[in-house]
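Quick note, the sequences are listed as chains A and B, same order.
Each number in our numbering corresponds to the 1-based position in the first sequence with 682 added.
Each number in our numbering corresponds to the 1-based position in the second sequence with 12 added.
We treat Cβ as the ideally placed atom computed from N, Cα and C, and that holds for glycine.
First comes the structure, then the notes that go with it.
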Amino acid sequence: MSTQVGNSANMAAQGAGSAGGNKPNIVEVRSLIKHFHREDKTVVPAIDTVDLDVHPGEFVVLLGPSGCGKTTLLRCIAGLEKPDTGSIQIQGKKVFDSDMGLVVPPERRNISMIFQSYALWPHMSAFDNIAYPLQSRNVPKASIAERVHGALKLVGIPELVQQYPAQMSGGQQQRIALARAIVSNDDLVLFDEPLSNVDAKVREQLRIELLEMQRKLGFSALYVTHDQTEAMALAHRVAIIRQGKIVQIGSPRDVYERPSSRYVARFVGTTNELNGSVVSPTGGDGTVRVSTEFGEIVAQSSSTSFKIGDKVAVVIRPERCTLSIAEPTAPIKWSGTIEAALFLGSHTEHVVRIGERTFLEWSVGSELREVGTRVWLAVAPEHVRAVTILDPTEK
Amino acid sequence: MSQSTTANNAASNGVHGFSRARQFRENITPFTVLSSLVIAFLAFLAIYPLYRVAVRMVYNNGQFDFKPLASMVDQPGLSVLLVNTVIVVLISAVISVLLGAIMAWINERTDARMGVVTDALPLVPFLLPPIAGAIGWALLLSDRAGLLNAVFRWIINGVFGTSMTEGPLNIYSWPGLIFVYVIYSVPYVYMLMSAGLRNVDSSLEEQSRVCGAGLFRTMRRVTLPAVIPSLGASVLLLVWFGMSLFSVPAIIGQGAKIEVLAVRIVRLLTFTYPADVPRALALCLFVILGVGTAYYFQSRILRKGRHATVGGKGHKVTRIELGPWKRVAQSVVVGYIVIAAVLPMVGLLLVALNGFWTPNIRWTQLTLDSFRHVLIEDQITKTALRNSLMLGVFGASIGIVAAAILALFVQRSGKGAAMFIDATIKLPAAISTIVLAVGFLLAFSGPPFNLNGTFLILLLAYLALYMPQASVAADAAASQVGRELSEASQISGASAGRTFWKISLPLMAAGLAAGWALLFVRMIGDLTASAILAGTNNPVVGFRILEVFEGASYASLAALSMVLTLVSMIVIVILLILTRRRGTTRSVRVSTQGA
Ligand SMILES: Nc1ncnc2c1ncn2[C@@H]1O[C@H](COP(=O)(O)OP(=O)(O)O)[C@@H](O)[C@H]1O
Ligand SMILES: [Mg+2]
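Right, here's the structure in full:
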């Protein structure tokens, strides 16, 4: 085990940053489509033309609201669900290809998976649960005990080896499931909302341990969640999914600071928004002029293909706003009144009414202002972004 | 991106054929082959005999032969036979539905519910196999020698100073015959009606009562319409059961000189030489017609109504307080159990211990002689017992594992083909067990199989006959095992076979054990297939009981029936203890439902 850990740690170092050199991608999903037929005969496009790569040692998070198709995508990669068309390659080996009529069953894909329900086998002890993948893969008996104990130590509960799942707490069950997933040293581990069933404290703790373990062992992880904090904390790259489509993929910082759409901007954080339309196309400096209810604004453009007249949203993060009594010199500023002021522990929040709109402002370590105070709200031009509106019907 | 995909496609087109072949090999594992074989075999066992019945109706020995169809009208005493069957089946169905529904209502909706009794009631036919029950009641209520009649006479003569020597009751009569049919029909109604009532939210009833309707008005306007589907299903099940029931009319009907279809079919095939196949087949057609008619009416009921069957969980059940009527309600339920199970067992035991059948029991001279006779001395009975036990063990084990494989297959593939196969395997037994048994005689006793008079033909027949029950038990067990548990095993690299043996089967174990016990009891007490397929070369207990009955040695008869009852009871009681401890009574309830 120890040598393999060493190997994968190298891979991790290499994989996390670059696109993986000449190593093959761990996962390559191409043009994947999957429809479900409901009982009432309606057709649900659960996965809609998805392309996705996972590099060696990389932690990729699939983030999206409930019902957007995250689980289905994961299950297709695991082989538990058969897609309609497209192809899936795992470690350079085709495991699904609709053109070739190729479907490799899950047990031949050499991957591990942690289910939302943990799926621990109630009739087996912790030891037997964890040993099972090794036995199934014909690992010599002699080394099984050693590896199971190694895995149990790694997840921090070596004393539970003879316990049965029914005798464990939720967090402990979660750790056994984790041990079962890593014991066979697979290069790819799939996670389906593994932390959604444990309480907040344990969740935070497990998240940190999981992250440590992934970076240490170096497996590639594909992780499904609807919790954006979890996604940000864990991911090398986050893929944001909407109605079966990946609408943006990038580092957590990327998707947070440079969202390509209002949907993404809203999903990964809190936004202040203005509706507007493009008045001049994206220039060489990557900015675009947008006409809004507050006049024309020069915003960072999220797309080079904006045309004059396109409807866009201008989004600004609350923590990028600053308040002042005196009029600032910054080019983008509006005057308004404080409508509410809240102390939230780590930061303060001001709700500022500007014309018909309210803006949020967050800052760390500043005094609360009195309600009714007239203030100026300013924001640096590089933090004002014009993004596409994917769902114009949404408020 | 799109360009490289196109390139990929072009490349892959070149290796098209090769990949197909490879994929084929990769997905076929020994286990999928095994389960396909098992399923194909079950389908063959179910369909082939029925196919032979259909063919034999019009074709025999290489030429068309319409004798069976012609025999539909050309049968001695046909109209009496049909009228008898209709009367027995319908009247017993009506009474059973009333009784069963009342008891279900008492247990589900009132405060007269009794825990153990509730669990035991549906198990009556398993605790005391119908053949033993029929004999027990014959011993209790026959005209002169009936033990219970003797007690009644003693009371009556004592009170009125009369000197009755026979009666007052006679089991060998129309009421007697219907009475025993009812005893064995009530549990089916009880099961279905309880399930139906559990699905009706009692807040609907409360609503009605709040609106000022009285208890009876509420029952008529709210409760009754809601359970109409269950009522329909009960009647269908009773018609199906009654048309094929052989043991009760063979014992009671014979003495009362009331012949029904099932008895005539068996007589034409086994007690007539040479067997009169065409006439028997013609009668099979009548059985199919009868059951078909019941199906038709049931589907009409289901289609017509918008029933308030509220699905889902967590209904609140408010129990009606019966007050002084509570004792009455409870004695109805207890009375049924005493009549259906306790009294006949007492009758059997007394006659067996007394050494011969007489109303004057020699209390001081009871012996175990007749038990020794059937268990040790009588070679044929010993063989029959051994055969039945072996058939029970093998049949129940094979049946329940096969049913588990089928259940998982259907659960995994879900729709279309899988459901069709599932229905195909269960259909023939659902049409009529006696017709299926006749089909086995046609299909396997002659060439090319030549299984006549063998252990194997009985084993195969039992498997086909009791597969619906095994399936219901296995389906219930499979549905309790979460899908993710077997998926986690697949992901861990386990083959389908390993997943089945290591994960699915152990997790289904409790439910399957319950199913096994019920199958075992059915098989050792079987008379439907045995009456047609067993013989002196391959005797089984049910068949031997019939033979001894014909020979009129009642102490042996009682002893043998008692042995059969004891074995059944022990298995069922062990089952109850095991499932109660594991808290899986629910799955037992569900699995008796298919019975
Ligand atoms: N077996 C199924 N049959 C029909 N529809 C399904 C099935 N599984 C998922 N769906 C539908 O597909 C969509 C995506 O589901 P899922 O992948 O589970 O979403 P998520 O994991 O993102 O919450 C949902 O609309 C869901 O209702
Ligand atoms: Mg999900």
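Item, Value
"DSSP beta-bridge partners of A/T1055", "Paired residues: none, contrary to the question."
"Three-state class that DSSP yields for A/C1003 in the structure shown", "strand"
"Cβ neighbour criterion (16 or more within 10 Å) applied to B/K438", "buried"
"For A/H908, three-class secondary structure by DSSP", "coil"
"DSSP state of B/G288 mapped onto helix, strand, coil", "The identity of residue 288 of chain B in the sequence shown is Asp, whereas the question assumes Gly. Three-state result, B/D288: coil."
"Test item, CB below 7 Å from any non-hydrogen atom of ligand 2", "A/S748, A/K752, A/T753, A/Q798, A/D874, A/E875, A/V906"
"Simplified DSSP assignment, three categories, for B/R601", "Confidence is the limiting factor: at B/R601 the pLDDT is only 42, short of 50, which leaves the residue's position unreliable, though a coordinate-based value still follows. In this structure, B/R601 counts as helix in the three-state DSSP scheme."
"Buried or exposed by the 16-neighbour rule on C-beta atoms within 10 Å, applied to B/G148", "buried"
"Of the residues A/L893, A/K764, A/K705, the one placed nearest A/I729, counting alpha carbons only", "A/K764"
"Straight-line Cα distance separating A/F949 from A/I1036", "24 Å"
"C-alpha distance - B/A415 paired with B/E496, whole-angstrom precision", "21 Å"
"Heavy atom of ligand 1 within 7 Å of A/V726 beta-carbon", "yes"
"Below-8 Å beta-carbon distance, B/P261 vs any chain A residue", "no"
"A/M806: first and last residue of the uninterrupted beta strand (DSSP E) it sits in", "Run containing A/M806: none; DSSP gives neither H nor E here."
"Contact set between B/L471 and chain C, taken where Cβ atoms lie within less than 8 Å", "The chain inventory of the structure shown lacks chain C, comprising the protein chains A and B."
"Same chain, Cβ closer than 7 Å to B/V27, neighbours up to 5 away in sequence not counted", "Below a pLDDT of 50, predicted positions are generally treated as unreliable, and B/V27, at 37, falls in that range; the measurement from the model is reported next regardless. Excluding sequence neighbours, B/V27 sits near nothing in its chain."
"Residue span of the alpha helix (DSSP H) that contains B/E120, given as start and end", "90–121"
"A/I839 versus A/Q910 - alpha carbon distance", "28 Å"
"Rounded Cβ spacing between B/A473 and B/L545 (contact assumed at less than 8 Å)", "6 Å"
"Contact list for B/R291 against chain A, beta-carbon separation under 8 Å", "Residues of chain A passing the Cβ test: none, with the nearest at roughly 48 Å."
"Interface flag, A/S985 vs chain B, CB-CB below 8 Å", "no"
"Neighbourhood of A/P1063 by C-beta, 7 Å cutoff - its chain only, sequence neighbours within 5 removed", "V980, P1013, I1014"
"Any chain A beta carbon closer than 8 Å to B/S507", "yes"
"Beta-bridge pairing of A/M795 - partner residues as DSSP gives them", "A/L872"
"Closer than 8 Å to chain B by CB, A/E789", "yes"
"Residues within the region 758–778 of chain A neighbouring chain B, beta-carbon criterion of under 8 Å", "A760, G761, L762, S769"
"Distance cut-off 7 Å: A/G761 Cβ against heavy atoms of ligand 1", "no"
"Cβ of A/M795 within 8 Å of any chain B Cβ", "yes"
"Start-to-end residues for the alpha helix (DSSP H) that takes in A/D936", "934–939"
"8 Å Cβ cutoff, A/S818 in contact with chain B", "yes"
"Supposed contact pair B/I277 and B/C296 - C-beta distance, whole angstroms, cut 8 Å", "7 Å"
"Proximity to A/V880 [Cα-Cα], best of A/V865, A/R1051, A/S851, A/E1021", "A/S851"
"Beta-carbon spacing of B/P480, B/A525 below 8 Å", "no"
"Cutoff 8 Å: B/Q502 Cβ touching any chain A Cβ", "yes"
"Heavy atom of ligand 1 within 7 Å of A/C758 beta-carbon", "no"
"Segment limits, beta strand (DSSP E) that includes A/F718", "709–719"
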